[in-house]
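Q: The sequence shown lines up with residues 1 to 201 when you count with the UniProt record's numbering.
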Amino acid sequence: MLTRNRTPSKYVYYALHLYFSGLSLRRASERLSQLFKRNHVSIWNWIQKYKPQKMQSRRRKVLEYIVDETMLKVGSEYIWLWVAIEPKNRQILALSISKERNMFVAERFIGGLVKFNGKHPVSTDGGTWYPMACKFLGLKHHNHSPYEKSIIERTMQYIKDRTESFDDYFPCRVKNCKLKHVHNWLRLFIDYHNREIKHIK
């Protein structure tokens with residue numbers, strides 16, 4: 001009977017580190033294979049199976065929410081990725097995806113932030129869906145200052161750079177995909193990003 005050769009955890013973590021440091025899945029597998037032979041599909045599967053610690057296990061000190069959104073391609077359709085960061089520590093507070101971009105989605109996303117971190121001012125770009133969403137939630141709203149704009153743009157560009165390693169295309173060939181694989185990728189991305197920011201600090 002054949003038995004599966006399990007990959008030691010230290011090599012799994014090393015491969016994930018290579019990938020989220022900027023290498024493509026194939027390049028990460030090439031580097032890993034110098035120590036332990038695994039292909040790019042294995043790394044993708046590890047991303048799907050990895051279970052980081054719960055992101056919202058406790059409330060963090062938050063000065064305000066800096067919120068933005070960007071478009072990603074999943075298969076043949078496009079989705080919206082919503083991002084919120086905290087300006088002082090620059091950690092990602094939340095990521096969410098939706099198939100629409102409107103006031104109701106914005107209200108739901110920001111409402112989730114309030115649930116875990118309390119009420120704080122919200123900084124956004126000129127999107128017309130944000131002011132009314134904040135009004136309904138009883139939150140102060142203002143447009144990005146130059147500093148707020150710079151840090152959210154850097155975060156968004158980093159996310160885009162990581163997704164562009166597979167051409168903004170999250171591989172999904174399942175009919176009526178529920179985007180579970182995208183949620184898994186985002187969950188791991190938050191975990192890696194926030195750990196890196198914390199170490200830099």
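Yeah, the Cβ is synthetic: ideal placement off N, Cα and C, and Gly gets one too.
Fair warning: this is a prediction, and the values are worked out from it, not measured in the lab.
#1: Just the C-alpha distance for R101 and L93, rounded to the nearest angstrom, thanks.
#2: By a C-beta neighbour count over all protein chains shown, 10 Å radius and 16 as the cutoff for buried, is R6 buried or exposed?
#3: S9 by DSSP, collapsed to three states: which one?
#4: Just reading off the alpha helix (DSSP H) that K115 is part of, what are its end residues?
#5: Looking at the strands, I want to know which residues DSSP matches up with T124.
#6: Quick check: is the beta carbon of M103 nearer than 8 Å to any beta carbon in chain D?
#7: If N143 sits next to V62, beta carbons under 8 Å apart, how far is it from one beta carbon to the other, in whole angstroms?
#8: From E196, S9, C134, L32, pick the residue whose C-alpha is nearest to that of V114; which is it?
#9: Which one or two residues does DSSP pair with D68 in a beta bridge?
#10: Hey, could you find the ends of the alpha helix (DSSP H) L63 is sitting in?
#11: Need the endpoints of the alpha helix (DSSP H) that S29 sits in, please.
A: In brief:
#1: For the purposes of this step, residue 101 is taken as the residue at position 101 of the sequence shown. For the purposes of this step, residue 93 is taken as the residue at position 93 of the sequence shown. If you take the alpha carbons of R101 and L93, they lie about 19 Å apart.
#2: Working through the sequence shown from its first residue, we reach residue 6 at position 6. Classification of R6: exposed, given that the 10 Å Cβ count is below 16.
#3: Residue 9 sits at position 9 when you count from the first residue of the sequence shown. In this structure, S9 counts as helix in the three-state DSSP scheme.
#4: To locate residue 115, count along the sequence shown from 1; it is residue 115. 103-117 is the extent of the alpha helix (DSSP H) around K115.
#5: Counting from one through the sequence shown, the residue named residue 124 turns up at place 124. Bridge partners of T124: N143.
#6: Here there is only one protein chain, and chain D is not present.
#7: Reading the sequence shown from its first residue, position 143 is the one you call residue 143. Reading the sequence shown from its first residue, position 62 is the one you call residue 62. Between V62 and N143 the Cβ distance is about 19 Å, and since that is not below 8 Å, they are no contact.
#8: Numbered from 1 along the sequence shown, position 114 holds the residue referred to as residue 114. Selected option, being the one with the closest Cα: C134.
#9: Along the sequence shown, read from residue 1 onward, the residue named residue 68 stands at position 68. Partner(s): V83.
#10: Taking the sequence shown and counting its residues from 1, the one referred to as residue 63 is at position 63. Looking at the DSSP string, L63 is not in any alpha helix (DSSP H), and its letter there is neither H nor E.
#11: For the purposes of this step, residue 29 is taken as the residue at position 29 of the sequence shown. Start and end: 25-32.
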